[in-house]
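J.: Residue numbers (this note's numbering), protein chains in the order written: chain L, 7 to 332; chain H, 7 to 332. The structure that follows is given in the form of structure tokens.
2 protein chains.
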Amino acid sequence: MNKIKLSAISKPIDNELEGFLKHFKIAIKSQVGLVDLVSSYILKQKGKKIRPLLVLLSAKAAGGVNERTFRGASLVELLHTATLVHDDVVDNAEKRRGFPSINAVWKNKIAVLMGDFLLARGLMISVEGKDYDFLENITRTVKRMSEGELLQIQKTRKLDIDEETYFRVISDKTASLFETCCAIGAMSASDSAEVHKAFITYGEKLGIAFQIKDDILDYDGTFQLFGKTIGTDIKDKKITLPLIYALDNATKDEVKMVKSNIGNSKNSNAIRDVIDFVHQKGGIAYAETVAKKYADEAEQALEILPASASKEALVSLLKYVISREK
Amino acid sequence: MNKIKLSAISKPIDNELEGFLKHFKIAIKSQVGLVDLVSSYILKQKGKKIRPLLVLLSAKAAGGVNERTFRGASLVELLHTATLVHDDVVDNAEKRRGFPSINAVWKNKIAVLMGDFLLARGLMISVEGKDYDFLENITRTVKRMSEGELLQIQKTRKLDIDEETYFRVISDKTASLFETCCAIGAMSASDSAEVHKAFITYGEKLGIAFQIKDDILDYDGTFQLFGKTIGTDIKDKKITLPLIYALDNATKDEVKMVKSNIGNSKNSNAIRDVIDFVHQKGGIAYAETVAKKYADEAEQALEILPASASKEALVSLLKYVISREK
């Protein structure tokens with residue numbers, strides 16, 4: 007498979023991305039000097055911008071980008087940025103996108119307040135634009151994201167998670183925001199309930215495929231030169247699809263070994279053994295197959311749309327998501 | 007002055023407070039066991055509930071409490087609770103309302119996610135109830151609260167804050183939510199723009215008086231047997247009204263002494279000297295006068311309302327706020 011680059015996928019909406027960026031810059035301005043300083047710092051960090059990309063591509067494939075689309079793209083990017091800023095506080099993370107994190111530069115208090123500011127600005131943009139349909143989506147999504155992560159923590163503590171719970175967790179904590187991005191893009195461009203539904207399905211399946219791939223990458227670092235180290239999830243006692251499959255197909259003694267090793271996760275040999283076990287049991291291959299299945303279903307959901315460069319880009323995005331190496 | 011108790015102030019709306027509590031309990035339910043567990047823990051802690059009290063009293067004084075009032079009261083209490091939960095993470099606080107804090111019991115990650123969940127639930131209730139006027143108010147308030155605190159931090163670092171900036175900070179970080187509580191109560195009960203305006207003014211002035219009194223209490227612990235220790239703001243390099251006044255009326259040498267002592271705030275004698283200096287310069291008496299002036303203006307704003315037990319309670323609340331001892 008040829009390598010797909012995000013820059014190629016965003017081609018059909020390169021102009022619109024510029025428009026979004028202008029909108030986003032205005033959204034995070036403030037009359038308070040310190041807020042503006044941190045905002046400028048955030049702007050310097052070029053993230054992948056997958057979420058605004060999704061909003062814009064969905065809108066363009068569903069009819070066309072307009073002012074409401076820009077507001078929606080700013081809303082999701084503001085919410086996502088707020089979440090990252092708060093995550094870094096909780097995880098005591100020192101780096102984000104290659105830069106020192108906001109908590110590392112300005113301490114926790116400022117980071118938490120900046121996250122609140124960004125979230126509030128996102129919501130204000132929707133309120134001012136009377137985008138009540140966006141608000142309904144985004145508030146439900148914030149609830150699902152927090153509940154999904156909390157459910158994962160709850161299950162993780164007991165090392166007790168089955169496939170059904172795994173899919174509930176990743177649907178809530180990750181796929182919900184992808185789904186909302188596509189829904190917002192589609193709602194901004196079309197009034198057809200059928201079109202909305204197609205994008206909701208696409209976004210949900212894309213998000214699930216994205217998270218499964220993320221979880222695979224934690225076990226499969228063969229091609230990883232940069233990016234996160236493998237084994238982090240095991241250290242955090244996160245049981246994800248590759249391991250769930252492997253455990254389902256293991257002997258009692260193997261299950262015992264894995265649980266003991268996970269409990270002993272400061273030992274890097276113990277982690278290595280779990281990773282090897284998952285590979286041997288076919289956990290990676292299985293998870294790859296499942297991710298591919300979700301990507302295929304996402305592609306099918308778009309069938310009702312007329313052909314367009316944006317539609318093609320959304321299909322390429324699926325391939326990008328499940329074939330990326332970091 | 008006779009001591010005023012909150013329980014006496016809430017008399018006219020005791021039944022409605024029960025109704026609110028039922029509403030609030032439903033709002034923080036979740037199908038995720040861990041979320042429900044933390045929610046029950048929050049419910050066990052009886053806070054002062056000043057914010058829902060304000061919503062309910064304002065509504066009753068403006069025409070009458072209804073379902074929309076309950077939704078508004080739940081919204082502000084959910085937002086306020088979310089803020090407290092996040093604050094405790096940032097401050098590494100171990101106690102809240104006499105109980106171990108959520109971060110102390112369940113760690114930071116769960117506390118941050120619970121805060122997000124509570125905020126999302128508050129916003130969802132407003133979206134579902136189509137209370138778009140509430141949403142407009144509350145999102146602007148979240149922005150003001152974060153900007154106000156960030157402005158205070160910015161100024162604090164340079165020990166450079168004048169009265170004008172002080173009032174901007176406390177108006178944004180504290181008074182904005184009081185103002186929103188009263189606005190939401192009034193909007194739920196009356197369509198009169200004049201009535202709305204009266205409650206907005208009342209809430210803003212009440213909030214400013216409340217924060218000034220809070221700042222006074224940090225210097226004036228004579229009657230404090232329990233509650234927070236005095237001198238905390240000085241340790242945090244927060245320059246508040248009593249000190250601003252004292253510095254405005256000090257010699258150059260005195261200013262030098264204070265700035266040096268604040269920079270040396272691990273020394274409790276240094277703190278004690280600043281406190282004594284503020285008392286001698288009349289900083290406390292001045293701040294008391296200003297708080298009283300705001301309370302009087304708040305009372306005047308209510309003059310357009312017909313006499314009622316709820317109106318009287320709102321006036322008593324002003325007296326409570328500026329005469330409380332903790």
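Built from N, CA and C at the ideal position, the CB exists for glycine as well. None of the values given here were measured: they were computed from a predicted structure.
(1) In whole angstroms, what is the alpha-carbon distance linking Lys55(L) and Tyr292(L)?
(2) For Arg102(H), write down the residues that DSSP places opposite it in a beta bridge.
(3) Check whether the Cβ atoms of Lys9(L) and Ser329(L) lie closer than 9 Å to each other.
(4) If you measure from the beta carbon of Arg102(L) to each beta carbon in chain H, is any gap under 9 Å?
(5) Are any of the Cβ atoms in chain H nearer than 9 Å to that of Lys31(L)?
(6) Which residues in chain L sit within 9 Å of Val41(H), going by Cβ to Cβ distance?
(7) Suppose only complete runs of 4+ residues qualify. What are the alpha helix (DSSP H) ranges in the segment 262–321 of chain H, listed by chain order?
(8) What does Asp239(L) touch in chain H if you count any residue whose Cβ is under 7 Å from its own?
(9) Below 8 Å on the Cβ atoms is my contact criterion, and I expect Ala181(L) with Gln217(L) to pass it. Report the Cβ-Cβ distance as a whole number of Å.
(10) When the Cα of Leu2(L) is compared with those of Leu49(L), Asp242(L), Val284(L), which residue comes out closest?
(11) Checking contacts by CB at 9 Å: is Ile116(H) closer than that to chain L?
(12) Just checking my contact of Ala68(L) with Gly269(L) at CB under 8 Å: how many whole Å lie between their CB atoms?
(13) Can you tell which of Glu185(H), Val201(H), Thr235(H) has the C-alpha that lies nearest to the C-alpha of Lys211(H)?
(14) Please say whether Asp20(L) and Arg77(L) have beta carbons closer to each other than 9 Å?
(15) Kindly indicate which three-state DSSP category Asn21(H) falls into: helix, strand or coil?
(16) Tell me the residue span of the alpha helix (DSSP H) that contains Glu170(H).
(17) What does Ala126(H) reach in chain L if we use C-beta pairs closer than 7 Å?
(18) Can you name, in chain order, every residue of its own chain whose Cβ lies under 7 Å from the Cβ of Gly135(L), other than the five neighbours on each side?
(19) Using only alpha-carbon positions, find the residue among Thr147(H), Glu331(H), Arg102(H), Val201(H) that is nearest to Lys66(H).
(20) Along chain L, which residues have their Cβ under 7 Å away from the Cβ of Leu119(H)?
(21) So is Phe123(H) in contact with chain L if we call contact Cβ pairs under 9 Å?
(22) When the Cβ atoms of the segment 149–157 of chain H are set against those of the segment 110–122 of chain L, are three or more pairs found closer than 8 Å?
(23) Given that Tyr138(H) touches chain L, what residues does it touch there, using C-beta distances under 8 Å?
(24) Under 9 Å Cβ-Cβ, which residues of chain L neighbour Met193(H)?
(25) Which bits of chain L does Leu141(H) rub up against, with CB to CB less than 8 Å?
(26) Where Asp239(L) and Tyr225(L) are concerned, what is the direct C-alpha to C-alpha distance, given to the nearest angstrom?
(27) Does DSSP put Ser36(L) in a helix, in a strand, or in coil?
(28) Check each candidate in Ser198(H), Leu12(H), Glu309(H) and name the one with the smallest Cα separation from Gly53(H).
(29) Do Asn109(L) and Val91(L) have their C-beta atoms closer together than 9 Å?
(30) If you run the structure through DSSP and keep just helix, strand and coil, what is Arg127(H)?
(31) Buried or exposed: where does Asp178(L) fall if 16 or more other Cβ atoms within 10 Å of its Cβ makes it buried?
(32) If I follow the unbroken alpha helix (DSSP H) through Leu183(H), where does it start and stop?
(33) Specify the secondary structure class of Thr235(H) as computed by DSSP and reduced to three states.
(34) Please list, in chain order, all residues of the same chain as Ala252(L) whose beta carbon is under 7 Å from its beta carbon, the five residues on each side excluded.
(35) Using 9 Å as the limit for Cβ to Cβ distance, is Gln37(H) near chain L?
T.: Put simply:
(1) 29 Å
(2) Phe105(H)
(3) yes
(4) no
(5) no
(6) Ser152, Glu153, Leu156, Leu157, Gln160
(7) 274–286, 289–307
(8) Ordered by position in chain H, no residue passes the 7 Å Cβ test against Asp239(L), which lies about 15 Å from the chain.
(9) 7 Å
(10) Here chain L covers residues 7 to 332 and nothing more, so residue 2(L) does not appear.
(11) yes
(12) 49 Å between Cβ atoms; not a contact.
(13) Glu185(H)
(14) no
(15) helix
(16) 169–176
(17) Thr145, Val148, Lys149, Ser152
(18) Arg74, Arg77
(19) Val201(H)
(20) Ser152, Glu155, Leu156
(21) yes
(22) yes
(23) Val133, Lys136, Tyr138
(24) The contacting residues do not exist; Met193(H) stays about 15 Å from chain L at best.
(25) Leu129, Val133, Leu141
(26) 9 Å
(27) coil
(28) Leu12(H)
(29) yes
(30) helix
(31) buried
(32) 182–195
(33) coil
(34) Phe283, Val284, Lys287, Gly289
(35) yes
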